[in-house]
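S.K.: Take any residue in the sequence shown, count from 1 to its spot, add 2: that is its number in this note's numbering. Even for Gly, the Cβ is constructed at its ideal location relative to N, Cα and C. If you're wondering where the values come from, they're calculated on a predicted model, not measured in any experiment. What follows is a structure written as structure tokens; I'll ask about it next.
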Amino acid sequence: MSNATMRAVVYEKPFSVVIRDVEKPKIVHPDDVIVKVTTSCICGSDLHMYEGRTAAEPGIVFGHENMGIVDEVGPAVAVLKKGDRVVMPFNVGCGRCANCEEGRSAFCTHVNPGFVSHYDSYVAMGPYKGGQAEYVRVPYADFNALKLPPGKENEADFSLLADIFPTGWHGVKLSGFKPGESVVVFGGGPVGLMAAYSANIQGASDVYVVDRVKERLDKAREIGCIPIDFSKGDAVDQILKLRGGNEVDRGVDAVGYQATTGDGKTEQPNVVLESLIRVVKPTGGLGIPGLYVPKDPGAPDSAAAKGYISFPFGKLFEKGLTIGTGQCNVKSYNRYLRDLIISGKAKPSFVVSHEVSLDQAPAAYDKFDRRVEGYTKVLLHP
Ligand SMILES: NC(=O)c1ccc[n+]([C@@H]2O[C@H](COP(=O)([O-])OP(=O)(O)OC[C@H]3O[C@@H](n4cnc5c(N)ncnc54)[C@H](O)[C@@H]3O)[C@@H](O)[C@H]2O)c1
Ligand SMILES: [Zn+2]
Ligand SMILES: [Zn+2]
């Protein structure tokens, strides 16, 4: 048994992942559990690695949105038991440092000092293997695994607690949103749609969702938002026109550094930040869960390659806007969002477009990356 193997999604080179046999994880610390993965989602964040736009090295196992059944329990684990159904936040926290204790588990200083830690060593974020595999090791398991009701119900909804539902919720929160306010969300991908959905649950008056992909704009409309297609003209102009010239209260950037102009091809890393500063009212707020990186090997210019993004700071100052950004502290939301799912008040799985077996991951990555055939959110079932 010592050299047991399992199948996993392995990053081979830009635009290529393969299914390969890798070593099955073992308990390496008394606080660990091993989870038999039932669902692992593909994330927009995986695509930055997939496209070779991060420092991710070939050979790593992808997958940071993991849920499953506890299969093995380390000797120091007190709360979890074999057979428990659990979902893990995409970021790993120790549960003991100041940031973890204060609910900022995305900024655990112990697991990976100075940076966020993550399954699949995403963007150099820590030493943990990903969960797009048959099994995954969960460190500090009592802290990191959230227990779910047993059975198979709401599997797709619960799997989204690993990342995008809390991240969307966090994006709205970062903007300083208050019930009754209007919100614009740039990006109708999974994170943007979850931000829009969260804004609705939190009591937004009007929610605009900006994207250029038809299926994504359709989903935005389905959940009661106002879709804005930025391939048909400047998004800010369209929104201001709809509102008789009035700006919106809050804005969320759910696009990040690979933002494009209206043709969907030309990257312009500052375009969403610039638009948000234009469209949000003076003293409003910007929430920026969209990813920006300190080093981009494929950046369109030398400044962006170093993570320098230019945007009209003077206008931001003049308007007295606030900015909140960073990785989502999943632990501070997932328990409550789980309960919204259990009570039937939230059903985030409307965003899921495809559920496939692990073997189909290479094709799913390719299609999701090209955002074709309605690929919006893909769930892998090992
Ligand atoms: N902060 C966190 O904790 C966290 C967690 C998960 C994901 N993320 C990041 O959030 C971002 C979104 O994730 P996703 O999974 O939804 O990605 P995604 O790539 O599926 O979606 C991004 C969407 O933005 C659209 N877009 C591109 N340029 C645009 C523009 N100028 N205006 C409006 N829309 C534009 C694209 O058409 C696409 O549909 C990514 O950068 C991801 O890395 C952050
Ligand atoms: Zn993710
Ligand atoms: Zn910590």
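Mapping the DSSP letters down to three states, classify His66 as helix, strand or coil.
M.R.: coil
S.K.: Cys227 by DSSP, collapsed to three states: which one?
M.R.: coil
S.K.: Looking at Val94 and Lys84, is the spacing between their C-beta atoms short of 7 Å?
M.R.: no
S.K.: Check the DSSP bridge columns for Glu269 and list the partner residues they point to.
M.R.: Thr262
S.K.: Just to confirm the assignment, what range does the beta strand (DSSP E) spanning Ala405 have?
M.R.: In this structure the chain extends from 3 to 384, so residue 405 is not present and cannot be described.
S.K.: Are three or more beta carbon pairs between the region 217-229 and the region 252-265 nearer than 8 Å?
M.R.: no
S.K.: In terms of residues, what are the limits of the beta strand (DSSP E) holding Asp23?
M.R.: Segment 18-25, the beta strand (DSSP E) holding Asp23.
S.K.: Quick check on DSSP: helix, strand or coil for Asp34?
M.R.: coil
S.K.: Might you give, ordered along the chain, the residues of its own chain that have their beta carbon closer than 7 Å to the beta carbon of Leu293, omitting 5 neighbours on each side?
M.R.: Ser47, His50, Gly258, Tyr259
S.K.: Whose CB is closer than 7 Å to a heavy atom of ligand 3? List the residues in chain order.
M.R.: The filter returns Gly95, Cys96, Gly97, Arg98, Cys99, Asn101, Cys102, Ser107, Cys110, Thr111, His112, Val113, in chain order.
S.K.: Where do the N-terminal and C-terminal ends of the alpha helix (DSSP H) with Lys154 fall, by residue?
M.R.: Lys154 -> no alpha helix (DSSP H), and no H or E assigned at all.
S.K.: If you compare alpha carbons, which of Lys175, Ala197, Leu278 is closest to Ala237?
M.R.: Leu278
S.K.: Just to confirm the assignment, what range does the beta strand (DSSP E) spanning His1 have?
M.R.: This structure cannot settle anything about residue 1, because the visible part of the chain is limited to 3 through 384.
S.K.: Measure the C-alpha to C-alpha separation of Cys99 and Phe232 and round it to an integer number of angstroms.
M.R.: 43 Å
S.K.: Just to check my reading of the structure: Gly235 and Asp213 have Cβ atoms closer than 8 Å, yes? What is that Cβ distance to the nearest angstrom?
M.R.: So it is not a contact: roughly 14 Å between Cβ atoms.
S.K.: Between Ala222 and the rest of its own chain, which residues show a CB-CB distance below 7 Å, the 5 nearest in sequence each way excluded?
M.R.: Counting only Cβ-Cβ distances below 7 Å, and skipping sequence neighbours, we find Gly190, Leu195, Ala198, Val211, Pro229.
S.K.: Using only the heavy atoms of ligand 2, determine whether one of them is closer than 6 Å to the beta carbon of Ser351.
M.R.: no
S.K.: What is the rounded straight-line gap between the Cα of Ala80 and the Cα of Met90?
M.R.: 17 Å
S.K.: Return yes when the C-beta of Asp218 is under 6 Å from any heavy atom of ligand 1, and no when it is not.
M.R.: Strictly speaking, residue 218 in this sequence is Arg, with Asp absent from that position. Because some heavy atom of ligand 1 lies under 6 Å away, the Cβ of Arg218 counts as near it: yes.
S.K.: Tell me which residues share the same chain as Gly170 and place their Cβ nearer than 6 Å to its Cβ, disregarding the 5 neighbours each side in the sequence.
M.R.: Excluding positions up to five away in sequence, the list reads Val193, Met196, Ala197, Ser200.
S.K.: Return the bridge partner residues of Cys43 from the DSSP annotation.
M.R.: DSSP lists Leu381 as the bridge partner or partners of Cys43.
S.K.: In whole angstroms, what separates the C-alpha of Asp144 from that of Pro291?
M.R.: So the two alpha carbons sit approximately 27 Å from each other.
S.K.: Please confirm if His66 has its CB atom under 7 Å from at least one CB of chain D.
M.R.: As a matter of chain content, chain D is missing from the structure shown, which is built from one protein chain.
S.K.: In terms of DSSP beta bridges, what is Arg87 paired with?
M.R.: Ile71
S.K.: Using a 10 Å radius around the Cβ and a threshold of 16 neighbouring Cβ atoms, would you call Gly316 buried or exposed?
M.R.: exposed
S.K.: Please report the distance separating the alpha-carbon of Ala305 from that of Val274.
M.R.: 17 Å
S.K.: In terms of residue numbering, what span does the beta strand (DSSP E) encompassing Phe188 cover?
M.R.: 185-188
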